[in-house]
Amino acid sequence: MTIKDQIKSLQEELRQHNYNYYVLDNPTISDYEFDMKLKKLQELEAKHPEFADANSPTQRVGGAITKNFETVKHEHRMYSLDNSYSKEDLLDWETRLKKMIDGPIQFTCELKYDGASISLTYENGSLLRAVTRGDGVQGDDVTANVKTIKSVPLQLKGDYPPKFDIRGEIVLPFEGFNKMNEEREEIGEEPYRNPRNTASGSLKLQDSAEVAKRPLECLLYNITGSNLGIKTQFESLEKARAWGFKVPNAAKLANSIDEVLEFVEYWDVKRHDLPYETDGVVVKVNSLQHQDELGYTAKAPRWAMAYKFKAEQVSTILLEITYQVGRTGAITPVANLEPVELAGTTVKRASLHNADQIEKLDIREGDTVFVEKGGEIIPKIIAVDLSKRPSNSTPTQYITHCPECETELIRQAGEAQHYCPNYNGCKPQIIGRIQHFISRKAMDIDGLGKGTVELLFHHDKVNNYSDLYFLKQKEIEGLRMWLDNPDAGLKKNNQLQVPLGKAIFGLSQGWGNLSRTHSDLIAESVSDIMEIFNLKKLPEGVEERKFERLIDMLNKTIHTVELSNYYSFSDYVSFNLLLDLKYPKDTLDLFEINSLDIDFIDEALSLNRFKRHEKFEDFIVKVSDRNRVGIQSKNAEKIIEAIQTSKKRPFENVLYALGIRDVGEVSAKNLVNHFLTLDSLVEASFDELTSIRDIGESVASNILSFFSNEANSKIIARLKEAGLNFEVEKKELLSEKLKGLNFVVSGKFSIERNVLKKIIEENGGKNVSSLSKNTSYLIVGENMGPSKKEKAEKNDIKMISEEEFYDLLK
Ligand code: AMP
Ligand code: ZN
Numbered sequence: 001m002t003i004k005d006q007i008k009s010l011q012e013e014l015r016q017h018n019y020n021y022y023v024l025d026n027p028t029i030s031d032y033e034f035d036m037k038l039k040k041l042q043e044l045e046a047k048h049p050e051f052a053d054a055n056s057p058t059q060r061v062g063g064a065i066t067k068n069f070e071t072v073k074h075e076h077r078m079y080s081l082d083n084s085y086s087k088e089d090l091l092d093w094e095t096r097l098k099k100m101i102d103g104p105i106q107f108t109c110e111l112k113y114d115g116a117s118i119s120l121t122y123e124n125g126s127l128l129r130a131v132t133r134g135d136g137v138q139g140d141d142v143t144a145n146v147k148t149i150k151s152v153p154l155q156l157k158g159d160y161p162p163k164f165d166i167r168g169e170i171v172l173p174f175e176g177f178n179k180m181n182e183e184r185e186e187i188g189e190e191p192y193r194n195p196r197n198t199a200s201g202s203l204k205l206q207d208s209a210e211v212a213k214r215p216l217e218c219l220l221y222n223i224t225g226s227n228l229g230i231k232t233q234f235e236s237l238e239k240a241r242a243w244g245f246k247v248p249n250a251a252k253l254a255n256s257i258d259e260v261l262e263f264v265e266y267w268d269v270k271r272h273d274l275p276y277e278t279d280g281v282v283v284k285v286n287s288l289q290h291q292d293e294l295g296y297t298a299k300a301p302r303w304a305m306a307y308k309f310k311a312e313q314v315s316t317i318l319l320e321i322t323y324q325v326g327r328t329g330a331i332t333p334v335a336n337l338e339p340v341e342l343a344g345t346t347v348k349r350a351s352l353h354n355a356d357q358i359e360k361l362d363i364r365e366g367d368t369v370f371v372e373k374g375g376e377i378i379p380k381i382i383a384v385d386l387s388k389r390p391s392n393s394t395p396t397q398y399i400t401h402c403p404e405c406e407t408e409l410i411r412q413a414g415e416a417q418h419y420c421p422n423y424n425g426c427k428p429q430i431i432g433r434i435q436h437f438i439s440r441k442a443m444d445i446d447g448l449g450k451g452t453v454e455l456l457f458h459h460d461k462v463n464n465y466s467d468l469y470f471l472k473q474k475e476i477e478g479l480r481m482w483l484d485n486p487d488a489g490l491k492k493n494n495q496l497q498v499p500l501g502k503a504i505f506g507l508s509q510g511w512g513n514l515s516r517t518h519s520d521l522i523a524e525s526v527s528d529i530m531e532i533f534n535l536k537k538l539p540e541g542v543e544e545r546k547f548e549r550l551i552d553m554l555n556k557t558i559h560t561v562e563l564s565n566y567y568s569f570s571d572y573v574s575f576n577l578l579l580d581l582k583y584p585k586d587t588l589d590l591f592e593i594n595s596l597d598i599d600f601i602d603e604a605l606s607l608n609r610f611k612r613h614e615k616f617e618d619f620i621v622k623v624s625d626r627n628r629v630g631i632q633s634k635n636a637e638k639i640i641e642a643i644q645t646s647k648k649r650p651f652e653n654v655l656y657a658l659g660i661r662d663v664g665e666v667s668a669k670n671l672v673n674h675f676l677t678l679d680s681l682v683e684a685s686f687d688e689l690t691s692i693r694d695i696g697e698s699v700a701s702n703i704l705s706f707f708s709n710e711a712n713s714k715i716i717a718r719l720k721e722a723g724l725n726f727e728v729e730k731k732e733l734l735s736e737k738l739k740g741l742n743f744v745v746s747g748k749f750s751i752e753r754n755v756l757k758k759i760i761e762e763n764g765g766k767n768v769s770s771l772s773k774n775t776s777y778l779i780v781g782e783n784m785g786p787s788k789k790e791k792a793e794k795n796d797i798k799m800i801s802e803e804e805f806y807d808l809l810k
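Using this note's numbering, the final residue of the sequence shown is 810, and nothing's skipped along the way.
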């Protein structure tokens, strides 16, 4: 096989695997095998750039940078949709349609995906362009970014028309969104608010390699173009599917508005099981000929109607407003709610965003509030039920001092957030910075989790991230402490609360040994632990025998429970009650203490008042949301090893790890590429900083203030002493064939311009941005501007084509 055939066949094969995996959700080879094949193709294409292809599967990994997104006019306008909210609205619509159309009308019902709309143009089966909706008339060219979305076919299959546009929605499925947020929280960043905004934000990232890492999907719903040979909307969905697009199977044909309503009712409930966000149903007149007759209003097609699902709302009580301090010192107020079911999950907390929001809602502790789960993952409080406000309620006073370190808070003009300015002394800021430092995209120190960092800080082993590099195995072995899980352990009357499922599980240990799953099932069928006595029918799978033992145990000890000490609400029981049940008072007097805190547990353990105290400790870990963290000697060794290994991380990761406010991975990379060493970055002026890609004025001043902070200078000196990389490592070159040559590239090429530039660098050449006497070659692409040509001729600069450039590499 020739190299060319080999490349083509690999491309073909990988395309099919992408399709199996991302469109059909049915992979036929392992991820590893796929990666190996992709690597092989990458190598071949790098060695033989003349056979590369802008739509090769290798382009999925991204790399192209878009500084300014070009505005493109849509060939066919992208309309909005009219909305309806009730059966009546839909019936009205049908009446209007019947006035304009004779005979029966069929409808296609589809889900309304909540993401960012996109228009894809295909020519001869290849993806030519991807443009955002913009204002409907023109949008932004985001082709480089969209190419990285694996469910967007770069090359179509089957019997497709030579040219058409296809519209769809780019969505971020929950699973991927949650994972992205977990990673962000791990490094102390604010989580993203909702999948929709994150999806549309992703399309406008400058670095397509970043987009490639996001698990976006593209769901298609509309084909436009002329002479397509399609007669109905439903048929167009089937065709699109056959050409390789991802078209969800939920779509259904309906012969009447009643059937449409059935579809709506079904999905209003079922949508909660979908992997991505939907906010309604789109009903479309099925016949394209009917669609033509109906036409458009100024804003929307007359032949389509969106039916919006109602956002689910519940009311609950605001127990307490607490305040969290982030890694940057930003304060976020949090509403702690009486747990309540909403859209399939139990909601306990909601963000209140900032002081303005609290003032706007005039929200107070003790208020009954309405909570809604719309597009946001974190539920929102929309309003206060003033009729239920307690008579003694007083307006919420926003805190003036940091809840963690008591420093007075500041609020910069124009900023919504309050900040704790105690950069060097505020615990969550210090710990947050260390967590960020060790996170995967920064120093990637494995084996050192969130809990361990807190443990090390708690025992005064690390006060900033440079201390990590001076830790000795001996001094960290055997450290331990109790950790609070902020998500649970809801407090009322200062008592720790235990989720009912966990309580049942804990109680049954040693007697019935119910599994955690079965305990949760029982918990679901009661709302109060005492209701267990009345339970008539056991949840499926729960063994009668084990359940009877649980009842037995409850009975045996129930007389010891004092009512004053007992309460439970909304699926929670008090920890004290639980302990009373498990260890009745006559055997252990320790539980007369009213509230149970960590110190108490620790004290109890150290006093050795419990005969089998390990069991007791286990019990607490099992039933409460308290966790114990500790470092065993084997772990200690691993941790020290991982810390040492991290010294090899390249400069760009080190710079990112430092945690300068708003310097993300991309900015860190750009700074490193520009300055090459930390020393020259430290000396940089404001103007030099702002001249760099992605570095705006506020980031520039953050950088300056970071390095002018004396504590930071000391920390950096220690990191240098430890041997971290503060300079760019010299890259290994593929060849030195272009050594000493300066290139300017201009116009369009068969491969992305950035890839071309990369080839130049990999072979020892240098890219310069503008023509001068020192330019060795101008590589001329399609549509190069005439002024460039003139300037090159004037300066006697050699102009070569893309092909001639490849010849230089031979
Ligand atoms: P709106 O933004 O509320 O005017 O709704 C119109 C938008 O809904 C369109 O621009 C699409 O991006 C989006 N949409 C989501 N799913 C569909 C679908 N199945 N058919 C048509 N439009 C859809
Ligand atoms: Zn503070």
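Beta carbons are placed, not taken as given, at the ideal position from N, Cα and C, and that holds for glycine. Since the model is a prediction, treat every value here as computed from it, not as a measurement.
Original post:
What does C109 pair with, by DSSP beta-bridge criteria?
Top reply: K252, V283
- Task: Alpha carbon to alpha carbon, how far is Q16 from I166? Give it in angstroms, no decimals.
- Result: 21 Å
**Prompt:** Looking only at C-alpha atoms, which of N354, G280, G139 sits nearest to S86?
**Reply:** G280
Check: Candidates H48, L24, Y32, M36: which alpha carbon is nearest D5's?
Finding: H48
- Message: Comparing C-alpha positions only, which one of S705, D35, G664, F245 sits nearest to G158?
- Response: F245
Candidates V699, L337, L361, K360: which alpha carbon is nearest A350's? L337
Exercise. With DSSP as the reference, please indicate the residues paired to Y813 in a beta bridge.
Key: Because the chain spans 1 through 810 in this model, residue 813 falls outside it and cannot be assessed.
Kindly give me the distance between the Cβ atoms of L154 and N55, rounded to whole angstroms, as I take these residues to be in contact under 8 Å.
4 Å
Three CB pairs or more closer than 8 Å across the segment 296-315 and the segment 190-198: no
Check: With a cut-off of 8 Å, do at least 3 Cβ pairs link the segment 398-407 to the segment 309-329?
Finding: yes
**OP:** Using the DSSP secondary-structure output, state which residues sit across from N336 in a beta bridge.
**Re:** E320, R349
field: Identity of the residue in V744, V755, N774 nearest I800 by Cα
entry: V744
query: With burial defined as no fewer than 16 other Cβ atoms inside 10 Å of the residue's Cβ, what is the status of N181: buried or exposed?
result: buried
Can you list every residue whose CB sits closer than 6 Å to some heavy atom of ligand 2, going in chain order? V325, C402, E404, C405, T407, C420, N422, C426
**Message:** Considering only DSSP beta bridges, list what D140 is partnered with.
**Reply:** T71
Handout entry: Beta-carbon proximity of P173 to P275, cut-off 7 Å
Key = yes
Quiz item: Say the cut is 6 Å; is the CB of Y221 nearer than that to a heavy atom of ligand 1?
Solution: yes
| message | Taking the straight line between their C-alpha atoms, what separation do you get for A657 and V131? | response | 35 Å
| message | Let me see if you follow: with CB-CB separation under 7 Å, is V384 close to chain D or not? | response | Included in the structure is just one protein chain, with no chain D present.
Below 7 Å between beta carbons: does that hold for I522 and I551? no
Item checked: CB of S208 within 7 Å of CB of T148, strictly -> yes
Open item on the list: Please give me, in chain order, every unbroken run of the beta strand (DSSP E) with length at least 3 that falls completely inside the segment 344-417.
Closed with: 345-351, 368-373, 380-384
Tell me the rounded alpha-carbon separation between G451 and I716. 25 Å
Taking the beta strand (DSSP E) that L219 falls in, what are its first and last residues?
217-224
message: Just to confirm the assignment, what range does the alpha helix (DSSP H) spanning M36 have?
response: 31-47
Notebook entry, point to check: Within 6 Å: the Cβ of E169 and any heavy atom of ligand 1?
Noted result: yes
Fill in: Option nearest D135 by Cα separation, candidates S119, I257, P499
S119
| task | Decide if the segment 255-268 is in contact with the segment 229-241; the criterion is three or more beta carbon pairs, one per stretch, under 8 Å apart. | result | no
Exposed or buried, M1, counting other C-beta atoms within 10 Å across all chains shown (16 or more means buried)? exposed
Practice item. Taking all protein chains shown into account, decide if D114 is buried (16 or more other Cβ within 10 angstroms of its Cβ) or exposed. Key: buried
* To do: Within the same chain, show all residues whose beta-carbon is closer than 8 Å to that of S770, passing over the 5 residues directly before and after it, in chain order.
  => V744
Query raised in the report: In this structure, does DSSP put N83 in helix, strand or coil?
Result: strand
task: Kindly list the residues whose CB is nearer than 8 Å to the CB of K794, restricted to its own chain and excluding five residues on each side of it in sequence; keep chain order.
output: none
Exercise. Would V654 pass as a contact of D694 if the rule is Cβ separation under 7 Å?
Worked result: no
* Helix, strand or coil at M180 [DSSP, three-state] -> helix
Thinking C-beta only, is Y777 closer than 7 Å to E50?
no
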